[in-house]
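Residue numbers (the working numbering), protein chains in the order written: chain A, 144 to 418; chain B, 109 to 477.
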Amino acid sequence: MARTRTRLRQGVVTILGWAIALWMFFPILWMFLTGFKNEPDAISTPPHLFFSPTLSSYRDVFAREDYWHFATNSVVISVLATVVALLVSIPAAYAMAFLPGPRTRMTLLWMLSTRMLPPVGVLVPIYLLARATGLLDSRTGLIVIYMLTNLPITVWMLYTFFREVPVPILEAGRMDGATRWQEVTQVLMPLALPGIASTGLLSLILCWNETFWSLNLTSSIAAPLTTFIASFSSPEGLFFAKLSAASTLAVAPIMVFGWASQKQLVRGLTFGAVK
Amino acid sequence: MATVELRNLRKTYLHEEIIKGISLAITDREFVVFVGPSGCGKSTLLRMIAGLEDISAGDLLIDGQRVNDTDPARRGVAMVFQSYALYPHMNVYRNMEFSLRLAGMPEAERRRRIGDVARILQLDPYLDHRPGQLSGGQRQRVAIGRAIVRNPRVFLFDEPLSNLDAALRGQMRVELASLHRRLGATTIYVTHDQVEAMTMADRIVVLNRGVVEQIGTPLELYHRPRNLFVARFMGSPAMNLLPARIHALTPDGMAQVQAGAVSVSIPTRHGGPEAGTAGTLGIRPEHILIDPQGAITGMVTISERLGAITLLHVRLTDGQMIVVQTGGDNTDRADTPIRLTLGEEHCHLFDADGMALAREADHPLLSDL
């Protein structure tokens, strides 16, 4: 009796879970399907559930824009911004976690608060700065901006991970004759590697998906995939099929990447929660 | 090997003085134990010697050289941490090799040294194991091995046995003592466990709130505690302490002491107490005898049978509680009346400030001190 009820409840929960997951996944699925429709099918209401799939939209997309140019920009910008962010935030997080001063806590909170500012609030100054320094429409410009905007998050995450590392292990390293550099590279970093990896992954994803700055600070040379998608909306009216094909192309790499690194990401984000 | 000298060492942390001027000279090959209640500053003092904490004032000398501002590794000291602090991502071999590798020692020499140490500590079978795969006792050995391979001038131990279970702790205590005899290295050992202190130390430093209460051999501390704090701290079960008043002093040095219902005359050395002053009477549980003719009467409240010995908790007629140590064959149960006498020559007398008054009786091994 009780067992059937438990099983019933499990069944309901399972169905509910699947329903919510599908509901959330639906826009992505729809985008994916629409990419394989022709334009009339794509805008028909009610939407056609069954249609003859075509690659014409993809052909059009590739014909109009150089996908690989944008994709390369996305990869280069995301990877370099992440690498630089880690290079800056590892020493910062080390100092905050192991050599805290009376104002460390406030500094951390202040850093995080900058993340809560709407980016558009600083659009004009940043745009002017970028123009003055010749960084408009350059990969370097986006790398600097991405690195800086993600710094609060990467420093915070690394700070949390570093705090989990037992201090005596670092002290043992110091007793064994490790310099500060060796202490960080040979003792701390191997121990916090899962945390560093998931920090890097998160930064990579955030950089890849960033749209606001890429739209405002780049036009053609340094434009990443987010700009590539946007270029398929507006001017000549909306072409849903082409837009969907372009979006799929832009989203696919990071989705596959996220999928592959899922385990690492979850492990990093729940690090310390379960010993 | 090495001498260590502390000259008026002080540590101030956020305007609060934690170590309040400690001076101590440790001779070559000596095994010195810092002991005291938690928060007494013993670990801080050790970390100052290690170089993990800055020294606020005073001088620290190793082999006569001032090392206040020397990096930990260059002081020639090695430390074993309470939590072992092994490198979890390295196997046992790499853990022991780390310091040698950083020091730039050639590979063959490293291999030879680690091999030697592993043999001494019976770690050969575990060299390629990670710390996570080892038991507590084995990890402890690796931590000690990591300290030994460096061939340091001074060994520092920070409560190294407190994470082990009782049986293993006893075993490691003996191993550490014999290791010390074998290596002959100057050793400073921090513990809150007075059994460790008593059994391993050449000399014990009793610390309390950042000051030294007494420095001496284990037997000195046990038999000649300088003050009430040391008397209370050393010995388990603890010394019985009863508020007392010195009534009279006879010409031959006998002090007539009254502590509640207890009245004793204690042989003292001259320059001792004055008649009419208040103080504290101290007597260790093993120096109270069960005696059917005894003048002190009381009631057994609890009897703790430890096997070899029995501890009787006795409520005296005046309401004071004392602990009596007697043989394992004792048959007294709770709520039985009991009569006791004190071994008068074993009594300790403390003045109103808690300082011990010199006494006649002593331990045979202490007579030449």
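We put the CB at the ideal spot given by N, CA and C, even for glycine.
- GLN325, VAL330, PRO333, LEU334: these are the residues of the stretch 323–334 of chain A whose beta carbon lies less than 7 Å from some beta carbon of chain B, given in chain order.
- Contiguous beta strand (DSSP E) elements confined to the stretch 366–398 of chain B occur at 370–375, 386–391, 396–398, taking only those with 3 or more residues.
- Remark: C-beta atoms of PHE458 (chain B) and GLY390 (chain B) approach each other more closely than 8 Å.
- For the C-beta of MET318 (chain A), the chain B residues within less than 7 Å are, from N- to C-terminus, ALA158, PRO180, ALA181, ALA186, MET187.
- Separation of PRO311 (chain A) and THR444 (chain B) (C-alpha to C-alpha, rounded to the nearest whole angstrom) is 53 Å.
- At least one CB atom of chain A sits nearer than 8 Å to the CB of ALA193 (chain B).
- The DSSP-derived three-state label of TYR234 (chain B) is helix.
- One thing to note: ILE410 (chain B) has its Cβ no nearer than 8 Å to the Cβ of ALA369 (chain B).
- Only buried fits PRO326 (chain B), as 16 or more other CB atoms lie within 10 angstroms of its CB.
- Note: ILE339 (chain A) is not bridge-paired with any residue in the DSSP secondary-structure output.
- The beta carbons of TYR201 (chain A) and ALA240 (chain A) sit no closer together than 8 Å.
- Ranked by how close their Cα comes to the Cα of ARG247 (chain B), the residues B:GLY343, B:ASP461, B:LEU194, B:ASP177 have B:LEU194 in first place.
- In the assembly as shown, ASN293 (chain A) is a buried residue. Its beta-carbon has 16 or more other beta-carbons within 10 Å.
- Counted as a single uninterrupted DSSP element, the alpha helix (DSSP H) harbouring ILE256 (chain B) occupies residues 244–256.
- Cα atoms of ILE252 (chain B) and LEU285 (chain A): separation of roughly 52 Å, rounded to the nearest angstrom.
- One thing to note: LEU278 (chain A) has its Cβ within 8 Å of the Cβ of VAL287 (chain A).
- For SER151 (chain B), the closest Cβ of chain A is not nearer than 8 Å.
- Closest by C-alpha distance to GLN407 (chain A), out of A:ALA393, A:GLY338, A:THR276, A:ALA321, is A:GLY338.
- For ASP203 (chain A), same chain residues with a beta-carbon under 7 Å away, outside a window of 5 residues either side, are LYS385 in chain order.
- Within the stretch 293–318 of chain A, contact with chain B at the beta-carbon level (separation under 9 Å) is assigned to PRO309, VAL310, PRO311, ILE312, LEU313, GLU314, ALA315, GLY316, ARG317, MET318.
- In the DSSP assignment, ALA186 (chain B) falls within the beta strand (DSSP E) that extends over 185–188.
- By the Cβ-count criterion, THR391 (chain A) is buried, with 16 or more other Cβ atoms from all chains shown falling within 10 Å of its own Cβ.
- Approximately 4 Å separates the beta-carbon atoms of ALA367 (chain B) and LEU350 (chain B); this is inside 8 Å, confirming the contact.
- Annotated three-state conformation of ARG467 (chain B) is strand, per DSSP.
- Closer than 8 Å at the C-beta level to chain B, one finds no residue of the stretch 166–191 of chain A.
- Here TYR330 (chain B) carries a helix assignment [DSSP, helix/strand/coil].
- Relative to PRO295 (chain A), the option among A:VAL222, A:LEU159, A:THR257 whose CA is nearest is A:THR257.
- Taken through DSSP and simplified to helix, strand or coil, GLN433 (chain B) comes out as strand.
- Taking a C-beta distance under 8 Å as the contact criterion, LEU255 (chain A) and TRP299 (chain A) qualify as a contact pair.
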